[in-house]
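Residues 1 to 409 in the UniProt record's numbering are what the sequence shown lists, from first letter to last. Even glycine gets a Cβ: it sits at the ideal position worked out from N, Cα and C. Okay, structure first, notes after.
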Amino acid sequence: MTTPDVGFSPEAARRDIPILHRTVNGHPLVWLDNGATTQKPRQVIEALTAFYACANSNIHRGAHTMAREATEMYEAGRATVARFLGAPSPESIVFVRGTTEAINLVAQSWGRADLGPGDDILVPVLEHHANIVPWQRVAEQTRARVVPVPLRPDGSIDQDAYADLLSMRTRLVVISHASNVLGTVPPVREMTALAHRYQARVLVDGAQAVAHFPVDVTDLDADFYTFSGHKIYAPTGIGALYAKPEILEAMAPWQAGGNMIESVSFDRTTYAPVPHRFEAGTGHISGVAGLLAALDWLTAFDRTAVADYETRLTAYAQQALAQVPGLELLGPAAGRIGVLTFTLPGHTPGEIADRLDGDGIAVRAGHHCAQPALAHYGLDSAARASLALYNTREEVDRLVASLLELQAA
């Protein structure tokens, strides 16, 4: 039985998610790998089934009813994403496979055109590899420079160092809205405002943020913002990139093919208006149907109440994990999402994950695609439990009990 909570109860979410009712290795499943992917509500599963059973068609320029219906659904999904992010218009939203593709799109379209020799790209040490490696590649192509922004001992970004590194050479700052390995939630609005004083652009990686608290890109004043659908209860292979309209309008296409053109001849090709010029080929149409259903499902809850619940659950988990002798929890004590990365003396992260899996508890082990962040702690791997709105105190208790048994063995 879950613990009652004012304003939101995880049971309201759990009853919609079929997979949470299965067993693993003879135990009820405890899904604590939400930082890798979230489980899907039946509304999303049904939306995928309904699309393929009743509405499957390609989109745009179709001369029949089902093509028009699919196009209307696809563009309704774009409008829903725009509202969800607080974007000024649907035309500022580009559908992508996920955050990684969105960042590469910005790097290869905006970056290759706007970066040059001597320009700086500021990248905090806590970033996911997907927000480091694309900038290293474009820096090699443009002779720009990737400049790491250091962390404080607690895993938060060193804001003094950040301010010192900013200069008129800074062309771009990239920031994770929430860290996938430390749980850190940087002061994105303040960091963005400071970067804009130097006329730098700011890209915010929202992959770990959008499921946990409301986001308003207009309030943040972000130039680019991106997220992946599968981390917000939607299918894999679909995500979104927001860009300020004037920036998106000035960007050249990254990939070429069908759907992104206006006219083609061997003398001259012209491109479709934004955002379609960035969506070459047949898009993930069913993925948009699933994303639309996921956002409708999530926003039916009081988002502030959900965020408050997750904050309290994270604090409870921090206190509970402190009962495990020797366990070291990485990241700041406060101002974080429910990403709980830890080490346990005498046990490798793989051993920890295997033991927990035997008890039906799913966590992740490894470098979490954030090797520089782990290196900050002198580590090359760690175990990670990550929370979502459907997790409960009872599940945290099961995690801690299993870890205590592992330590006692």
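Could you tell me which residues DSSP pairs with residue i in its beta bridges?
i	result
residue 225	204 and 242
residue 271	261
residue 24	27
residue 292	Partner(s): none; residue 292 has no beta bridge.
residue 145	120
residue 386	33 and 339
residue 151	157
Kindly indicate which three-state DSSP category residue i falls into: helix, strand or coil?
i	result
residue 212	coil
residue 184	strand
residue 177	coil
residue 334	coil
residue 157	strand
residue 1	Residue placement at residue 1 is flagged as unreliable, the pLDDT there being 35, under the threshold of 50; the coordinate-derived value follows with that caveat. In the structure shown, residue 1 sits in coil (DSSP, three-state: anything other than H, G, I, E or B).
residue 347	strand
residue 327	coil
residue 170	strand
residue 6	At residue 6, the pLDDT of 49 sits below 50, so the modelled position is not reliable; the number obtained from the coordinates is stated separately. Here residue 6 sits in coil by DSSP.
residue 15	coil
residue 45	helix
residue 403	helix
residue 300	coil
residue 278	helix
Below 7 Å CB to CB, which residues in the same chain sit around residue i once its five sequence neighbours on both sides are set aside?
i	result
residue 347	406
residue 134	103, 104 and 107
Report all residues from its chain with a CB closer than 8 Å to the CB of residue i; omit the five preceding and five following residues, and keep chain order.
i	result
residue 400	320, 321, 323 and 324
residue 115	121, 138, 139, 142, 144, 171 and 172
residue 329	318, 321, 322, 340, 341 and 342
residue 2	Residue confidence is low: residue 2 scores 40 on pLDDT, short of 50, so the model does not pin down where it sits. Its coordinate-derived value is still stated next. Answer for residue 2: 9, 10, 11, 14, 392, 393 and 394, listed in chain order.
Ordered along the chain, which non-local residues of its own chain (more than five positions away) have a Cβ less than 6 Å from that of residue i?
i	result
residue 128	180, 369 and 370
residue 355	406
residue 295	80 and 84
residue 19	39
>> Please give me, in chain order, every unbroken run of the beta strand (DSSP E) with length at least 3 that falls completely inside the region 48 to 125.
In response: 93 to 96 and 120 to 124
> At which residue ranges does the region 354 to 382 contain complete beta strand (DSSP E) runs of 3 or more residues, listed in the order of the chain?
Replying inline: 364 to 366
>> Contact between the region 264 to 274 and the region 197 to 215 is defined here as three or more beta-carbon pairs at a separation below 8 Å; is this criterion met?
In response: no
> For the 8 Å Cβ check, are there 3 or more pairs between the region 384 to 402 and the region 50 to 67?
Replying inline: no
>> Any contact between the region 280 to 291 and the region 64 to 80? By contact I mean 3 or more CB pairs, one from each, below 8 Å.
In response: yes
> Are the region 159 to 171 and the region 117 to 124 touching by the rule of at least three beta carbon pairs closer than 8 Å?
Replying inline: yes
>> Would the region 231 to 238 count as touching the region 269 to 287 if we require 3 or more Cβ pairs under 8 Å?
In response: yes
> Would you call the region 21 to 35 and the region 351 to 365 in contact, with 3 or more CB pairs under 8 Å?
Replying inline: yes
>> Pairs of beta-carbons, one from the region 292 to 303 and one from the region 5 to 17, closer than 8 Å: are there three or more?
In response: yes
> Below 8 Å, can you find three or more Cβ-Cβ pairs linking the region 265 to 279 to the region 214 to 223?
Replying inline: no
> Are there three or more Cβ pairs, one per stretch, closer than 8 Å when the region 90 to 103 is compared with the region 152 to 163?
Replying inline: no
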